[in-house]
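Residue numbering for the sequence shown is -9 to 387, as defined by my numbering.
C-beta atoms are modelled at their ideal positions from N, C-alpha and C, and glycine is treated no differently.
Have a look at the structure below before the remarks.
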Amino acid sequence: MVGIQTSFSELYKLTNSIARYSPTGHFLATAVAERLVIRSTVTLKIVALFETATPIQYLAWSPDSEFVVTLSYKHHSLEVWNVRQSEWVGKLEDAVGGVVGVRFAPNSRCLLIWAEDLLRINIWDLSTRAMCYIQHPKHGPEKGFVIRPDKKYAALAEARDKDWIGIYRTDDWSLIKQFPADTNNLEHLSWSPDGQYLAVWDNCTDYTLLIYKPDGILLTRYIPHRANTTPSLGLGIKHVIWSPTGQYVAVSSYDGVLRLLETVWWACVGEFRQADADERYADVWVSVPSYHQKYEYVLNPPTHATVHLRPSNQPFPKTACTCDFSPDGAWIAFALKDATPTRIYMFSCRTLRCETLLQHDSPIRTMRWQPRQGRLVWWFEESDSFGVWTEDEGRGQ
C-alpha cells in the first residue's frame, strides 16, 4: 500500500451528494437545498453564494469554469450563475416537455437543454439570449451525443424513421451532414482521438460495431465470428474505447470478452477472455493481507480462478466488464466484475496477450489510470484502501 499523509477539513453540509469541481480545479461547487455554494479549493473559503428559486437537483460547470448551471427536475426549471462576477445570468422555467438534462457547449456560452420527451434539444445562447433547436435526439445527454476532440463538431444520434446521425458545428450549431446509421437500435457513438472516424454501435442484444467517416461513408462493419465463420449471436457491446494514439479500438461486451481492433484494416488482432488470461504466461501478483497491503509474486499460481456463476434467473450486470487504456496506449486494464471481481488483467498492446494478473482478496469497485504518470489506481468494494500498479515495477502496491 502506498503511504500517503492526509489531513481533513471540517464537515460541510451537502444535499444529495451534489458537489462538482470546476474544470480548472480552482473551485468546488456544492448544493445545499436552495443554495449554491462556491468554495476555493485552496482555502475552502466561500468565494460566492447564490440563492436559487427551487431546490437544486443537479449542477454543472462550464468548460472555462466561469458559469454554473443549476437544475430542478421537479420544477422543470434551471438557472445560470456567473461565478467570477458573482451574479445571476438567467433562468428558464416551466420548460415545455420538461428537462431531462443540460450540458454546456465547448465555448461555454451556449447551454444545451434536453427536453424530457426527447423531441428536441433547446440551445440557449447566454450572450444574446437567442434560442435555437435540434429536433429528434434519440437519447439524453449521457449517450448518443459526443463532441469531437477538437471541439469544433458534435455528432448526435437522431430518431427519425430509423436511426440517423447528424454532424453539427459547435460555434453556431448548424447542420453540416446527416446520414442514416445502419443499426437496429443505435446505443452510442464515439469519436477517434484525431476526429477522423466515428464509432457507432448497436444495443445490448445486437453485437454490431460500425466505423464511419464524418461525411457518412461506412468504412467497416465488425461482427465477431465463430470458428466456422458464422456470425456470433449473443450479447452486445458494453464499451468502445479508442487508444490515445488511435492505433487500436477496444470493444468490451456483456459476455465478458474484450476484443482489440487495429485501425488500418479494422481487423481484430486480439480477443481476450478470462480463460485466455492463462497464468502460465502471465506474471501473477497476489495480495497479502496485512496492515499495509502487499503483493507477492507467485511462481506456481493456481490453474483456474474462482469464477462466480450468474444464476439463470438474474439479469446480466450493468458493468459486465470494465477496460481502459493507459495514457501511452501500451496497456489495457481489464476487469470482469461479475465473473472474477477480485482480479485485474493487464494486457499488453505490444505482445497482444495478458502479461500481468493482479489477484486481490476483495472485489474491485473501480479503477482509473493517472493521466501523466501512467499508474493504475483501483479502489475496493469492502474497504477504504486502494492499490497502485506501475509498469516499471510490474506489480501492485
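Determine whether the beta carbon atoms of Ile137 and Thr160 lie at a separation below 8 Å.
Looking up residue 137 in the sequence shown gives position 147. Looking up residue 160 in the sequence shown gives position 170. It is a contact, given that the beta carbons lie within the stated cut-off.
Taking the C-alpha atoms as reference points, what is the distance between Lys141 and Leu108?
On the sequence shown, position 151 is the one that residue 141 refers to. On the sequence shown, position 118 is the one that residue 108 refers to. Their backbone Cα atoms lie some 24 Å apart in a straight line.
The beta strand (DSSP E) spanning Leu39 covers which residue range?
Translated into positions along the sequence shown, residue 39 becomes position 49. Where Leu39 is concerned, the enclosing beta strand (DSSP E) stretches over Ile36 to Glu41.
Under the three-state reduction of DSSP, which class applies to Glu381: helix, strand or coil?
Locating residue 381 in the sequence shown gives position 391, counting from the first residue. Looking at Glu381 - three-state DSSP - the assignment turns out to be coil, as it is neither helix nor strand.
Nearest-angstrom Cα distance between Leu396 and Leu49?
The question about residue 396 has no answer here: the residues shown for the chain are numbered -9 through 387.
Rounded C-beta distance between Thr332 and Asp351? I'm assuming under 8 Å.
Position 342 of the sequence shown, counted from the start, is the residue given in the question as residue 332. Position 361 of the sequence shown, counted from the start, is the residue given in the question as residue 351. 7 Å between Cβ atoms; contact.
Please report the distance separating the alpha-carbon of Trp368 from that of Trp321.
To locate residue 368, count along the sequence shown from 1; it is residue 378. To locate residue 321, count along the sequence shown from 1; it is residue 331. Going from the Cα of Trp368 to the Cα of Trp321 covers about 15 Å.
What separation, rounded to the nearest whole angstrom, lies between the Cα atoms of Asn218 and Val241?
Taking the first residue of the sequence shown as position 1, residue 218 is located at position 228. Taking the first residue of the sequence shown as position 1, residue 241 is located at position 251. At Asn218 the pLDDT is 46, less than 50, meaning the model places this residue with poor confidence; the figure from the coordinates comes in the next sentence. The alpha-carbon atoms of Asn218 and Val241 are separated by roughly 22 Å.
Report the rounded CA-to-CA distance for Thr42 versus Tyr2, giving the unit in angstroms.
Residue numbering aside, residue 42 sits at position 52 when the sequence shown is read from its first letter. Residue numbering aside, residue 2 sits at position 12 when the sequence shown is read from its first letter. Taking the straight line joining both Cα atoms gives about 19 Å.
Pick from Asn112, Val378, Pro139 and Pro170: whose alpha carbon is nearest that of Gly130?
Along the sequence shown, one-based indexing puts residue 130 at 140. Gly130 has its Cα closest to that of Asn112, out of Asn112, Val378, Pro139 and Pro170.
Is it the case that the Cβ atoms of Arg211 and Leu225 are separated by a distance below 8 Å?
As a working mapping, residue 211 is identified with position 221 in the sequence shown. As a working mapping, residue 225 is identified with position 235 in the sequence shown. In this structure, Leu225 does not lie closer than 8 Å to Arg211 by Cβ.
By DSSP's criteria, His178 is part of a beta bridge. Which residues make up the other side?
Counting from one through the sequence shown, the residue named residue 178 turns up at place 188. BP columns for His178 point to Trp191.
Is the separation between the beta-carbon of Phe262 and that of Leu248 shorter than 8 Å?
The sequence position of residue 262 within the sequence shown is 272, counting from 1. The sequence position of residue 248 within the sequence shown is 258, counting from 1. Yes. Within cutoff.
Give the straight-line distance between the Cα atoms of Val58 and Arg343, rounded to the nearest whole angstrom.
Along the sequence shown, one-based indexing puts residue 58 at 68. Along the sequence shown, one-based indexing puts residue 343 at 353. Taking the straight line from one Cα to the other gives about 45 Å.
Is Leu208 near Asp172, with beta carbons less than 8 Å apart?
Walking along the sequence shown from the start, residue 208 turns up at place 218. Walking along the sequence shown from the start, residue 172 turns up at place 182. Contact flag set, yes.
Look up Asn72 in the DSSP assignment and give the residues it is bridged to.
Position 82 of the sequence shown, counting from 1, holds the residue named residue 72. For Asn72, which the question treats as bridged, DSSP gives the partners Phe57 and Glu77.
Rounded to the nearest angstrom, what separates Asp382 and Thr346 at their Cα positions?
For this step, residue 382 is matched to residue 392 along the sequence shown. For this step, residue 346 is matched to residue 356 along the sequence shown. If you take the alpha carbons of Asp382 and Thr346, they lie about 12 Å apart.
Thr5 by DSSP, collapsed to three states: which one?
Here residue 5 refers to the residue found at position 15 when the sequence shown is read from its first residue. Coil, per DSSP.
Hey, quick one: how far does the beta strand (DSSP E) through Asn97 stretch, first residue to last?
On the sequence shown, residue 97 is found 107 positions in, with the first residue counted as 1. No beta strand (DSSP E) contains Asn97, which DSSP labels as neither H nor E.
Could you give the distance in angstroms between the alpha-carbon of Ser338 and the alpha-carbon of Phe324?
Here residue 338 refers to the residue found at position 348 of the sequence shown. Here residue 324 refers to the residue found at position 334 of the sequence shown. Cα-Cα distance, rounded: 11 Å.
Below 8 Å on the Cβ atoms is my guess for Val92 versus Glu106; work out the distance and round it to an integer in Å.
Start at 1 with the first residue of the sequence shown, and residue 92 comes out as number 102. Start at 1 with the first residue of the sequence shown, and residue 106 comes out as number 116. About 12 Å separates the two Cβ atoms, so there is no contact after all.
Just the Cα atoms here: how many angstroms apart are Trp255 and Tyr143?
Position 265 of the sequence shown, counted from the start, is the residue given in the question as residue 255. Position 153 of the sequence shown, counted from the start, is the residue given in the question as residue 143. Rounded to whole angstroms, Trp255 to Tyr143 spans 26 Å at the Cα level.
From Ile155, Trp359, Ile166 and Gly260, pick the residue whose C-alpha is nearest to that of Glu177; which is it?
On the sequence shown, residue 177 is found 187 positions in, with the first residue counted as 1. Taking only the C-alpha atoms, the option nearest Glu177 is Ile155.
Name the one or two DSSP bridge partners that Pro127 has.
Looking up residue 127 in the sequence shown gives position 137. Partner(s): Glu148.
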